[in-house]
Every structure is written in structure tokens, then in C-alpha cells.
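Presented below is the structure to which this report refers.
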Amino acid sequence: GESVGLHLPTLSVQEGDNSIINCAYSNSASDYFIWYKQESGKGPQFIIDIRSNMDKRQGQRVTVLLNKTVKHLSLQIAATQPGDSAVYFCAEASGAGSYQLTFGKGTKLSVIP
Amino acid sequence: NAGVMQNPRHLVRRRGQEARLRCSPMKGHSHVYWYRQLPEEGLKFMVYLQKENIIDESGMPKERFSAEFPKEGPSILRIQQVVRGDSAAYFCASSPETDTQYFGPGTRLTVL
Numbered sequence: 007g008e009s010v011g012l013h014l015p016t017l018s019v020q021e022g023d024n025s026i027i028n029c030a031y032s033n034s035a036s037d038y039f040i041w042y043k044q045e046s047g048k049g050p051q052f053i054i055d056i057r058s059n060m061d062k063r064q065g066q067r068v069t070v071l072l073n074k075t076v077k078h079l080s081l082q083i084a085a086t087q088p089g090d091s092a093v094y095f096c097a098e099a100s101g102a103g104s105y106q107l108t109f110g111k112g113t114k115l116s117v118i119p
Numbered sequence: 373n374a375g376v377m378q379n380p381r382h383l384v385r386r387r388g389q390e391a392r393l394r395c396s397p398m399k400g401h402s403h404v405y406w407y408r409q410l411p412e413e414g415l416k417f418m419v420y421l422q423k424e425n426i427i428d429e430s431g432m433p434k435e436r437f438s439a440e441f442p443k444e445g446p447s448i449l450r451i452q453q454v455v456r457g458d459s460a461a462y463f464c465a466s467s468p469e470t471d472t473q474y475f476g477p478g479t480r481l482t483v484l
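Residue numbers (this note's numbering), protein chains in the order written: chain P, 7 to 119; chain R, 373 to 484.
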């Protein structure tokens, strides 16, 4: 069936370094992708999104890259800070109107001070 | 502008009891979604509602689970005759259109 998955379940980075979190998706018909950050005991927090007609989108300290050829999505966090420590999920929107989000299992990012 | 509100934040029920989870969307948002999250897993879509209408309940178990979003008041996810397997975190999200979904803090349901 269709699925969204992550390459690395855990990632440890030094404070100040850049982080890259990867995600693979299998539904070639998906046209909307979102990255969420979830801190312990909280709900997912929207970080950045991208539509399939784009390859790259930048936000504040974050960049999302979309490679439709290999169905791969990545989240880059510049100058990682301790407050970035969390679980990061990529989600794929499917269904009419692109509302039904399919989440991967998540990558836990730990920032070493 | 307050975010998505959910209550209660924690709910403990014994097997066979009913659980009612409430969600108030962000102001101006008329689309509500419910998701379930098991420990160390991603969220799983359950149901999508607009005011007084269930648009898509394809992710909801056929029995014991129901959802509503009345004209007035919060959206309610209702689980009847809870079993231990229902223990999970339940998240509600809202959006102004079928657009970016903003999530609430979740309700953590524990079934004893």
C-alpha cells in the first residue's frame, strides 16, 4: 500500500551544526508534503510545507527539498539549537482536496550542547 | 488568536466505559480532523468533518467510534465501550479550507 517513511529513526547533532532529516514516500500521485515537529507531550507543530510543483522551499532556518524522481523529501535545519530537539514527521497529503495526511513514523532529533 | 483547544488533556477510563474527547478549532476554521497516535508512531487519520457534516470517516473503526461537529460547540470524538487497545493520544487539527492543518495538544486516553 501507499506509505510515507523515514530513513533514520534517530539523529544526534552538535549545537550549531546543520541537521538533515530525510523522508521517502511511495505515492507518486501525492502533491502536498508537510514537515511537523512534535515535542514530548505536545501536538505536532507545523514547520514548513511544499507542493509537488516546487523543488525547494525555504523558511526561517529551515529548508525543504523535494525530489520527485526518487520520491524523496528532506528537511534541513540550519544552526541547530537545543530547542530543535524533538521528533520530526513528514506527512503526505492524499485524497480529494489533499486533506488526508499520511504520517511517517518520525525521526528523533537530539541536539548536543 | 488561540490555537486548537482540546480537552481533557488526559483521560482515564475503565474497560467498557465511554470516552468523550472535545476539540475547539482555531477561530475562523471550519474544517476539523481527528488523528490517533500510538506510542512511537506517526499519526493516523481517522475522520474529517465540517460543520454538521462528516466528509470522510474512512480511517475510523466501524464500531464504537463516532464523531460530530455540531453547528454550535466543539467537535466531539466519542468512543463507546472502550478497550485497552484504544489507549493512545488523540489529536485534533483544524484548517480554514482544505489547507495547512494546525494541531491541538492532544488528549491522552488510558484504558485500564
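The beta-carbon is built from N, C-alpha and C at its ideal position, and this holds for glycine as well. All values derive from a computational prediction rather than experimental measurement.
Query: Can you check DSSP and say which residues form a bridge with P/Arg-63?; Result: P/Val-70
Query: What residue does the beta strand (DSSP E) around P/Thr-16 start on, and which one ends it?; Result: 16 to 20
Query: In the segment 29 to 57 of chain P, which residues sit with their C-beta less than 9 Å from some C-beta in chain R, listed in chain order?; Result: Ile-40, Tyr-42, Gln-44, Gly-47, Lys-48, Gly-49, Pro-50, Gln-51, Phe-52, Asp-55
Query: Return the Cβ separation of P/Glu-98 and P/Tyr-31 in integer angstroms, given the expectation that the two are a contact with Cβ distance under 8 Å.; Result: 5 Å
Query: Give a yes or no on contact between the segment 22 to 29 of chain P and the segment 80 to 93 of chain P, applying the rule of three or more CB pairs nearer than 8 Å.; Result: yes
Query: Cβ atoms of R/Leu-481 and R/Ala-465: under 9 Å apart, would you say?; Result: no
Query: Is there a Cβ from chain R that is less than 9 Å from the Cβ of P/Gly-65?; Result: no
Query: Among P/Lys-74, P/Ile-56, P/Lys-77, which one has its Cα closest to the Cα of P/Val-68?; Result: P/Ile-56
Query: Reducing DSSP to helix, strand and coil, say where R/Arg-408 ends up.; Result: strand
Query: I'd like to know if P/Leu-107 contacts chain R, where contact means its C-beta is closer than 9 Å to some C-beta of that chain.; Result: yes
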